[in-house]
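Under this note's numbering, the first residue of the sequence shown carries the number 909, and numbering increases by one thereafter.
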Amino acid sequence: MTGGLNLKETLLEIKFEFTNYFKEREAEINGSLLAVLSGENLLFLGPPGTAKTQLARNICQTIEGGSFFNYLLTSFSTPEEIFGPLSLKALEEDEFRRNIEGCLTAAHIALLDEIFKASSAILNSLLTILNERKYHNGREIVDVPLLSVFGASDELPEEDESLEALYDRFLFRYRLSYIQDDENFKNLLFREPENFNPGVMISVSEIEKIRKSANFLPIDPDVEMIITELRKNLQLQEIEISDRRWKRIVHVLKVAACS
């Protein structure tokens, strides 16, 4: 927290700073902050040069002591590049274990660009991390400090069962486009400073406090009714949403109410 601001004032100040710099990105900014606060993952779909990486990096800069991991995935990317190299010392003891410091498993926020190009070797571990925030490192199960994983892709993948499971892990999804408004475009080119450094920060402990408060927040019966009716309407349109997503949507609603 910064300069005597309470938690809600801090979050409002962060939103103000970001929306003032990132033009035509208000929904994405609000979603990014809510994803971090609620422990959910977020997917950006859109062409290169739409500030996907910069937005994710700057969101991380609002977290006191936050570490950021960024990687561009290809079909040739290996687990070593994402989860760390094998420990030679462990191999001498006939144990398969990785040195995970400085990798995805040690970050608070991660951006995985072209995430749908991840190989099956990466995907298997990634699904568990996205869902449970745990990584199986040899015989040890490691708790991963990730607050949120940002995925980015130019487009949705072709139908693939394993990639559908990956897609379902991203509760927040946004399609980004290039700046449309002329004034915002001129601001980007001629007035906007090249580098943006957030002036307001929030701590991991404050984020955890919000999550704990949300766990004890009751849901209003009217909200229950609205969600139930929404589900029925979606089913009539043959739109299926997984039980996992519904449960997490309710958690996000609680976090939003607490923040």
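Heads up, the beta-carbon is just placed ideally off N, CA and C, and yes, glycines get one too.
Rounded separation between residue i and residue j - CA only
i, j, result
"Val1057", "Thr961", "12 Å"
"Glu1132", "Ala935", "24 Å"
"Lys931", "Glu917", "21 Å"
"Glu972", "Asp1051", "20 Å"
"Leu1071", "Pro1065", "8 Å"
"Glu1001", "Ile1115", "39 Å"
"Lys1140", "Glu1148", "10 Å"
"Phe976", "Glu1040", "19 Å"
"Gln1143", "Pro1129", "21 Å"
Status (buried if at least 16 other CB within 10 Å, exposed otherwise) for residue i
i, result
"Arg1047", "exposed"
"Arg1006", "buried"
"Thr1013", "buried"
"Ala1165", "exposed"
"Ala964", "buried"
"Phe1044", "Residue identity differs from the one stated: residue 1044 is His in this sequence, not Phe. Exposed, because fewer than 16 other Cβ atoms sit within 10 Å of the Cβ of His1044."
"Ile1134", "exposed"
"Tyr929", "buried"
"Phe984", "exposed"
"Gly974", "buried"
"Glu1146", "exposed"
"Thr986", "exposed"
"Asp1021", "buried"
"Ser1033", "buried"
"Glu948", "buried"
"Thr958", "buried"
Presumed contact (8 Å Cβ cut-off) between residue i and residue j, rounded CB distance
i, j, result
"Val1112", "Ser946", "That pair is no contact at about 14 Å."
"Leu980", "Glu1063", "Actually they are not in contact, since the Cβ atoms of Leu980 and Glu1063 sit about 15 Å apart, beyond 8 Å."
"Phe1104", "Asn966", "6 Å"
"Ile1037", "Leu1054", "7 Å"
"Leu941", "Leu919", "7 Å"
Opposing strand residues paired with residue i [DSSP bridges]
i, result
"Glu1048", "Asn1045"
"Asp1021", "Leu980, Ala1060"
"Arg933", "According to DSSP, Arg933 bridges with nothing at all."
"Phe1080", "Leu950"
"Arg1006", "Leu994"
"Ile971", "Ile1110"
Own chain residues within Cβ distance below 8 Å of residue i, not counting five before or after
i, result
"Leu951", "Ile1023, Phe1058, Gly1059, Ala1060, Ser1061, Tyr1075, Phe1078, Phe1080, Arg1081, Tyr1082"
"Leu1127", "Inspection of the sequence shows that residue 1127 is occupied by Ile rather than by Leu. The residues are Val1158, Leu1161, Lys1162."
"Ile1087", "Lys931, Glu932, Phe1093, Leu1096"
"Ile1118", "Leu915, Leu945, Val1163, Cys1166, Ser1167"
"Arg1153", "Asp1076, Leu1079"
"Ser1150", "Asp1076"
Close beta carbons around residue i, own chain, < 7 Å, minus the five adjacent residues each side
i, result
"Gly1107", "Glu925"
"Ile990", "Tyr979, Cys1011, Leu1012, Ile1030"
"Ser1027", "Ser983, Ser985"
"Thr970", "Ile922, Pro1106, Val1108, Met1109, Ile1110"
Cβ-based neighbour list, residue i, same chain, cut-off 6 Å, excluding 5 preceding and 5 following
i, result
"Ala943", "Leu950, Ser1056, Phe1080"
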